[in-house]
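Residue numbers (our numbering), protein chains in the order written: chain G, 14 to 365; chain E, 14 to 365.
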């Protein structure tokens with residue numbers, strides 16, 4: 014006798030608002046403090062110094078996090094869980110991440126597993142986290158030499174983007190994030206791609222009105238792609254343009270090349286591979302290369318250690334039974350996914 | 014200028030099958046091995062000894078887990094993640110838990126956070142895990158003296174219940190699990206409750222046909238409650254009948270009193286509190302007490318350390334801003350949730 018029971022699951026409402034503005038952070042934090050959200054804060058160390066006045070008086074409710082890839086570990090995660098436990102955080106408590114992508118990723122993950130999920134709010138303070146990591150619900154930590162290999166899909170309650178935080182970034186940090194805007198334009202919106210190309214000087218000069226517009230469009234484009242495929246079974250993979258190689262470059266360079274710069278390099282070498290294999294026209298490659306040169310991204314990379322590079326490539330979450338997967342884009346800025354990549358040829362591209 | 018973007022999230026299909034039968038495990042495991050599921054196994058140490066022939070020849074794909082509450086930790090979780098990483102587990106790999114509730118809980122959690130979620134299959138080998146922990150998608154580990162305080166809601170791909178595994182259990186282990194069947198009957202199905210009451214001797218003698226029927230009905234009842242409230246915002250809390258006190262009893266007894274026995278004690282003392290406060294009739298309390306006496310459960314408990322007990326009570330996930338929450342049931346076996354429990358009175362109940 015076999016009895017079969019069908020277990021249906023009703024899922025939660027996971028929609029949330031992304032607010033984009035300037036000079037709203039103080040008002041928002043005051044609101045949280047006066048609310049019944051029971052807020053607890055994970056704050057990037059640098060932000061905590063610059064914006065110390067914004068933080069609540071009660072320092073027990075603030076965890077200062079030294080945000081770097083080497084701290085995106087189980088060890089730090091456990092410390093955050095201890096912080097929550099010591100504060101007697103309950104299901105009604107809200108965890109607020111104030112910092113860049115690393116802070117947001119580990120905070121979101123910590124929130125997702127404490128009591129099987131407490132609410133959390135993303136307040137991204139870097140360009141990278143504003144347009145990319147704070148949207149889409151990917152959380153995570155690094156493990157066993159693989160980036161973000163441990164984590165969860167967990168949506169924030171809300172995302173607050175205040176572009177005033179961008180004042181804390183130097184040009185390199187700004188461009189590190191801007192690579193994701195170029196990426197999302199490159200896979201889905203030729204008009205936006207051209208607008209960026211034409212206005213590159215104003216962007217570098219950080220024209221406020223223009224930046225608000227660009228951040229908004231970046232968020233809308235990413236949001237639209239995520240909406241269609243939250244759990245990354247197909248279309249969302251387009252957002253990985255540049256990222257298959259980027260993760261390997263980050264590890265191979267011992268994180269000397271930061272994420273956005275690695276994505277820029279990744280886009281270039283992935284497109285080069287695409288041309289070599291006939292998947293795309295050279296024209297598409299040139300467009301991407303020209304754009305990145307305009308913003309003065311590094312456009313050449315030499316692999317330090319082939320074994321480390323290859324191992325990082327194979328450990329990537331984007332690897333499946335279909336082998337290594339790449340994203341390419343055509344001359345009309347329409348992205349596409351290519352499977353079963355020839356790893357040897359891909360590595361050789363770096364020696365051309 | 015404030016730009017507001019609404020991020021909608023489409024959730025995954027989370028439904029799955031629960032198969033209940035006897036003598037199907039060998040066939041199922043052979044099927045997994047010959048499939049393209051890329052199976053990896055987390056196996057309870059005792060089960061691995063008794064059923065060593067069932068396990069794949071390739072021992073690298075089997076992680077032997079010493080299942081006890083003291084091992085339900087971040088440390089063991091990290092070892093399992095290492096096991097997955099060393100096996101180059103990909104998103105297409107399937108993690109199979111073969112063991113009781115502790116094994117299932119930590120395996121499900123490990124699967125839920127590796128690459129933000131790989132498929133996993135529950136093969137419960139104890140009565141407790143067959144009727145309770147393997148259904149409903151709660152995963153977790155213990156942390157900072159709180160049971161299951163770290164974890165996720167993560168649904169298995171399927172649940173395979175083979176009642177032949179029950180042969181490995183002694184009477185105490187069997188009754189440890191059976192408390193959850195009594196509990197689910199007590200909060201939702203008076204006919205089932207009476208059937209158990211009337212047939213107690215056949216149950217203790219483990220009549221196979223009867224057990225299949227009882228396990229099925231236990232699963233159906235739990236499944237129906239979970240279906241309505243997967244993320245435990247209201248109705249699912251009914252399943253916590255006996256559990257508010259049980260978790261504290263387990264910790265206060267240093268895990269000498271196992272989960273099911275603690276739930277039995279929890280039901281008794283929670284009902285006693287309910288009578289004292291006038292929430293339920295004494296008749297309801299007597300019905301529960303009589304049932305548990307029939308099966309020879311321990312029906313009296315003395316608190317060892319009031320501070321530890323109280324702290325465990327307050328750290329419980331069921332505590333909210335509404336204070337400690339209890340579940341009670343009436344004489345018709347209809348459960349109800351009671352909030353804002355008087356902790357002092359609750360502790361005094363143990364001294365009556």
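For glycine and all other residues, C-beta sits at the position ideal for the given N, C-alpha and C.
Starting from the beta carbon of residue i, find every residue of chain E whose beta carbon is closer than 8 Å, and list them in chain order.
i: residue 170 (chain G); result: Residues of chain E passing the Cβ test: none, with the nearest at roughly 11 Å.
i: residue 337 (chain G); result: Simply none; closest approach about 11 Å.
By Cβ distance, which residues of its chain are closer than 6 Å to residue i, with the 5 residues on each side in sequence left out?
i: residue 229 (chain E); result: 33
i: residue 135 (chain G); result: 110, 117, 147, 169 and 172
i: residue 295 (chain G); result: 288
i: residue 132 (chain E); result: 107 and 170
i: residue 328 (chain E); result: 159
According to DSSP, is residue i part of a helix, a strand, or is it coil?
i: residue 155 (chain E); result: strand
i: residue 244 (chain G); result: coil
i: residue 86 (chain E); result: coil
i: residue 214 (chain G); result: helix
i: residue 160 (chain E); result: strand
i: residue 146 (chain E); result: helix
i: residue 271 (chain G); result: coil
i: residue 34 (chain G); result: strand
i: residue 172 (chain G); result: strand
i: residue 56 (chain E); result: strand
i: residue 14 (chain G); result: Confidence at residue 14 (chain G) is low in this model, with a pLDDT of 48, below 50, so its placement is unreliable and no value can be given for it.
i: residue 291 (chain G); result: coil
i: residue 315 (chain G); result: coil
i: residue 336 (chain G); result: strand
i: residue 187 (chain G); result: helix
i: residue 298 (chain G); result: helix
i: residue 399 (chain G); result: With chain G covering only 14 through 365, there is no way to say anything about residue 399 (chain G).
i: residue 27 (chain G); result: coil
i: residue 112 (chain E); result: strand
i: residue 76 (chain G); result: strand
i: residue 349 (chain E); result: strand
i: residue 308 (chain E); result: coil
i: residue 139 (chain G); result: coil
i: residue 356 (chain G); result: helix
i: residue 254 (chain E); result: coil
Can you list the residues of chain G that residue i reaches, using a CB-CB cut of under 8 Å?
i: residue 159 (chain E); result: 98
i: residue 165 (chain E); result: 125, 126, 129, 130 and 165
i: residue 176 (chain E); result: Ordered by position in chain G, no residue passes the 8 Å Cβ test against residue 176 (chain E), which lies about 10 Å from the chain.
Just confirm the distance between the C-beta atoms of residue i and residue j, as a whole number of angstroms; I'd bet it's less than 8 Å.
i: residue 108 (chain G); j: residue 53 (chain G); result: 5 Å
i: residue 227 (chain G); j: residue 194 (chain G); result: 6 Å
i: residue 190 (chain E); j: residue 152 (chain E); result: The Cβ separation is near 18 Å, so there is no contact.
i: residue 112 (chain E); j: residue 63 (chain E); result: Their Cβ separation, rounded to whole angstroms, is 11 Å, which puts residue 112 (chain E) and residue 63 (chain E) out of contact at 8 Å.
i: residue 280 (chain E); j: residue 297 (chain E); result: With a Cβ gap of about 11 Å, residue 280 (chain E) and residue 297 (chain E) do not count as contacting.
i: residue 31 (chain G); j: residue 232 (chain G); result: 6 Å
i: residue 235 (chain G); j: residue 340 (chain G); result: Not a contact, Cβ separation roughly 14 Å.
i: residue 266 (chain G); j: residue 309 (chain G); result: In fact, because the Cβ distance is near 18 Å, the residues do not count as touching under 8 Å.
i: residue 1 (chain G); j: residue 286 (chain G); result: Lying before the first or after the last residue shown, residue 1 (chain G) is absent from chain G, which here runs from 14 to 365.
Strictly below 7 Å CB to CB, what residues from chain G border residue i?
i: residue 205 (chain E); result: Going along chain G, no residue has its Cβ under 7 Å from residue 205 (chain E), so there is no contact; the nearest lies around 15 Å.
i: residue 91 (chain E); result: 87
i: residue 350 (chain E); result: Near residue 350 (chain E) there are no residues of chain G at all, since even the closest Cβ is about 14 Å away, more than 7 Å.
i: residue 262 (chain E); result: Within 7 Å Cβ-Cβ: nothing; residue 262 (chain E) doesn't reach chain G, min ~20 Å.
i: residue 173 (chain E); result: None at all; the shortest Cβ gap to chain G is about 10 Å.
Which chain E residues sit within Cβ distance under 9 Å of residue i?
i: residue 95 (chain G); result: 156 and 157
So, for residue i: in the same chain, excluding its five sequence neighbours on each side, which residues have a beta-carbon less than 7 Å away from its beta-carbon?
i: residue 79 (chain E); result: 58
i: residue 300 (chain E); result: 344
Report the neighbours of residue i on chain G: residues whose CB is nearer than 9 Å to its CB, in chain order.
i: residue 363 (chain E); result: In chain order: nothing, as chain G lies at least about 23 Å away.
i: residue 109 (chain E); result: Simply none; closest approach about 17 Å.
Closer than 7 Å by beta-carbon distance: list the chain E residues that pair up with residue i, in chain order.
i: residue 321 (chain G); result: The premise fails here: residue 321 (chain G) is roughly 15 Å from chain E at the closest Cβ pair, so nothing lies under 7 Å.
i: residue 354 (chain G); result: Those within 7 Å of residue 354 (chain G) in chain E number zero; the least Cβ separation is about 15 Å.
Got a sec? Which residues, its chain only, sit under 8 Å from residue i by beta carbon, not counting five neighbours each side?
i: residue 187 (chain E); result: 140, 179 and 219
For the segment 124-153 of chain G, which residues have a beta carbon sitting closer than 9 Å to at least one beta carbon of chain E?
125, 126, 127, 128, 129, 130, 148, 149, 150, 151, 152 and 153
Going along the chain, which residues of the segment 113-124 of chain G sit with their C-beta nearer than 7 Å to a C-beta in chain E?
none
Using a beta-carbon distance cut-off of less than 8 Å, what residues from the segment 178-210 of chain G approach chain E?
none
If you measure beta-carbon to beta-carbon, which residues of the segment 211-238 of chain E are closer than 7 Å to chain G?
225, 229, 232, 233 and 236
With 9 Å as the limit, tell me which residues of the segment 53-69 of chain E have their beta carbon closer than that to any beta carbon of chain G; keep them in chain order.
none
Against chain E, which members of the segment 32-54 of chain G pass a CB distance test of less than 9 Å?
32, 33, 34, 35, 37, 49 and 51
Residues of the segment 285-307 of chain G in Cβ contact with chain E at a cutoff of 8 Å, in chain order, please.
none
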